[in-house]
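Peer 1: Here it is: the structure, laid out below.
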Amino acid sequence: MADSSLTTGAPAVSETGQIARTGVYRWMVVIILLVAVATAFFDRINIAVLFTNADFKQSIGVGDNPTMLGLLMTGFVFAYGFSALILSVTSDLFGPRRTLSAIALILGVVMAIMGGSTSYAMMLAGRIMIGLTEGPQFGSANVAVKQWFPAEERGRATAVWSIGAPIGSMVGFPLIIMLVAAYGWRGSFYVLAGLNILVVLPIVWFLVRDKEKPDPKSIATDDLPIREAIRILVRNKLFWLLALYDCGAMIFLWGLNSWLPAYLQTARHFDIKQSSFFSSLPFLLMIGGYFLGGWLGDKWRIKAWLCMLGLAATGLLVYAASIVENPVVSAVLVALSAGAWGTTVPTLFAMGTEVIPPKVTAMGFGIYAGLANIVGAISPVLMGYAIGRSGDYAAGLLVITLACVILSFSMIPLLRRH
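For the sequence shown, the residue numbers in my numbering are 10 to 427.
See the structure below:
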């Protein structure tokens with residue numbers, strides 16, 4: 010049954026008792042969060058599909074310049090990481106419903122404007138605006154889960170909505186490839202704009218409710234002064250090792266999301282159908298990796314080993330993909346690298362809850378994830394530069410290989426205890 014406070018505005022009673030009576034509604038909220046995250050990923054990755062589109066490159070005046078193309082993704086990721094660090098408090102100020110609705114509305118408007126872009130500067134500005142807009146989304150989802158679920162169920166709820174990220178790439182790449190083939194690159198922007206305004210916005214606005222009124226005072230970290238919280242994190246060496254490791258993970262993620270379609274079509278000469286399939290496969294295996302990594306980490310309690318070996322394997326599989334001659338084998342190796350990467354996600358998160366002191370957990374996760382995304386932002390443009398200078402996609406993939414293998418060793422000091 011639905012909670013009576015949804016219709017009568019009755020004040021909340023005890024947290025556990027109130028949540029127990031919300032029934033299926035709270036899981037509907039989680040599914041809506043999954044949809045919002047997945048569709049937002051469409052807007053993040055659509056530009057990667059256009060890296061091989063001659064009409065797009067001519068329209069914005071970029072020519073065949075991989076560095077400038079990579080900068081379109083780097084601009085987004087840098088803005089996203091900055092926004093995640095600075096603007097995640099918006100959900101505490103305005104509540105998840107208003108924040109997520111505003112995100113969908115702004116994304117729709119910006120995507121529509123980008124569909125009419127006539128210059129590189131206009132397209133880059135749009136990408137930066139999308140990054141700034143999407144930054145608070147994960148924080149809003151976390152606030153919604155915290156409102157509607159007791160502590161012992163939040164892990165499962167978070168696991169469900171967070172899968173929206175790989176689902177967004179898994180569905181988004183083939184969808185956008187088909188949209189561009191059918192309606193052109195401008196049409197793909199307009200369709201995604203309509204998806205945000207006509208589908209996501211109404212769903213969030215009319216179906217999501219804030220269980221608690223926004224309270225600016227809730228921004229405080231467990232009543233701990235901000236300066237003291239920062240001091241605790243600065244002195245925690247293991248925390249910074251997690252952040253360093255996550256930089257390698259984000260270099261892979263944003264490099265893959267930026268250059269995968271172009272690699273498949275240009276370097277491996279796949280047609281539209283093949284590119285659609287092999288652009289989707291890595292993220293299907295990534296989801297499988299999520300579940301496998303979580304199970305292995307809990308069963309064997311070797312989280313640090315899983316993280317180190319998983320990220321190192323990711324880099325080595327990418328390297329193998331770059332040197333094999335058979336295009337299908339190469340595409341499968343890329344997909345396997347994503348699966349290996351997926352095993353590290355739940356284990357890294359679980360380790361974070363052990364390494365970061367409870368009083369600064371939220372701030373700690375926000376800082377290391379934000380910093381990792383900012384560092385990961387260099388991946389698309391650095392790969393583009395390497396591809397442009399060498400004329401070979403293998404040079405771009407080497408950026409991912411080196412980052413993953415080298416930064417995987419940051420787990421060594423944690424191997425004994427975690």
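Ideal placement from N, C-alpha and C gives every residue a C-beta, glycine not left out. It should be emphasised that the depicted structure is a prediction, and the values quoted were computed from it without experimental measurement.
One question on the structure: do V44 and V209 come within less than 8 angstroms of each other, judged by their Cβ atoms?
Peer 2: yes
Peer 1: Closer than 7 angstroms by C-beta to R277: which residues in its own chain qualify, once you throw out the five before and the five after it? Chain order, please.
Peer 2: Here the set comprises P336, S339 and A340.
Peer 1: Quick one: using the 10 Å Cβ neighbour count with 16 as the cut-off for buried, is G400 buried or exposed?
Peer 2: exposed
Peer 1: Just tell me which of V217, L250 and G393 has its CA closest to the CA of G374.
Peer 2: It is worth fixing the name first, because residue 374 is Phe in this sequence and not Gly. Per the Cα distances, L250.
Peer 1: A322: which of Y299, G306, A347 and E334 sits nearest, CA to CA?
Peer 2: Ranking Y299, G306, A347 and E334 by Cα distance to A322 puts A347 first.
Peer 1: Measuring only the C-alpha atoms, how far is A352 from W157?
Peer 2: Sequence check: residue 352 is Thr here, not Ala. For T352 and W157, the distance between alpha carbons rounds to 28 angstroms.
Peer 1: Taking DSSP as the reference, what is the three-state secondary structure of L96?
Peer 2: coil
Peer 1: Less than 6 angstroms between C-beta atoms, sequence neighbours within five positions excluded: which residues of the same chain meet that for V327?
Peer 2: S346, L406, I409 and T410
Peer 1: Quick check on this structure: which residue in S284, C316, L423 and V39 has the alpha carbon closest to the alpha carbon of R165?
Peer 2: V39
Peer 1: Please look up how many angstroms separate the CB atoms of M82 and S267, rounded, as I've assumed it's under 8 angstroms.
Peer 2: The pair is a contact, with the Cβ atoms about 4 angstroms apart (cut-off 8 angstroms).
Peer 1: I'd like to know if the segment 299 to 310 and the segment 178 to 193 are in contact, where contact means that at least 3 CB-CB pairs between them fall below 8 angstroms.
Peer 2: Using a Cβ-Cβ distance cut-off of 8 angstroms, the segment 299 to 310 and the segment 178 to 193 are not in contact, since fewer than three pairs of beta carbons, one from each stretch, lie closer than that value.
Peer 1: Starting from the Cα of A150, find the closest Cα among V58, A49 and L201 and give me that residue.
Peer 2: If we check each option's Cα against that of A150, A49 comes out closest.
Peer 1: Indicate the three-state DSSP secondary structure (helix, strand or coil) for L424 in the structure shown.
Peer 2: coil
Peer 1: So, for V444: in the same chain, excluding its five sequence neighbours on each side, which residues have a beta-carbon less than 7 angstroms away from its beta-carbon?
Peer 2: Because the chain here runs from 10 to 427, residue 444 falls outside it and cannot be looked at.
Peer 1: Considering only the alpha carbon of each residue, which of V364, D255 and S171 lies closest to I241?
Peer 2: V364
Peer 1: Cβ of F87 within 8 angstroms of Cβ of I311?
Peer 2: no
Peer 1: If you pair each beta-carbon of the segment 312 to 321 with each one of the segment 251 to 258, do three or more pairs fall below 8 angstroms?
Peer 2: yes
Peer 1: Rounded to the nearest angstrom, what separates M37 and R106 at their Cα positions?
Peer 2: 14 angstroms
Peer 1: Mind checking which residues open and close the alpha helix (DSSP H) that includes N55?
Peer 2: Its alpha helix (DSSP H) spans residues Y34 to V58.
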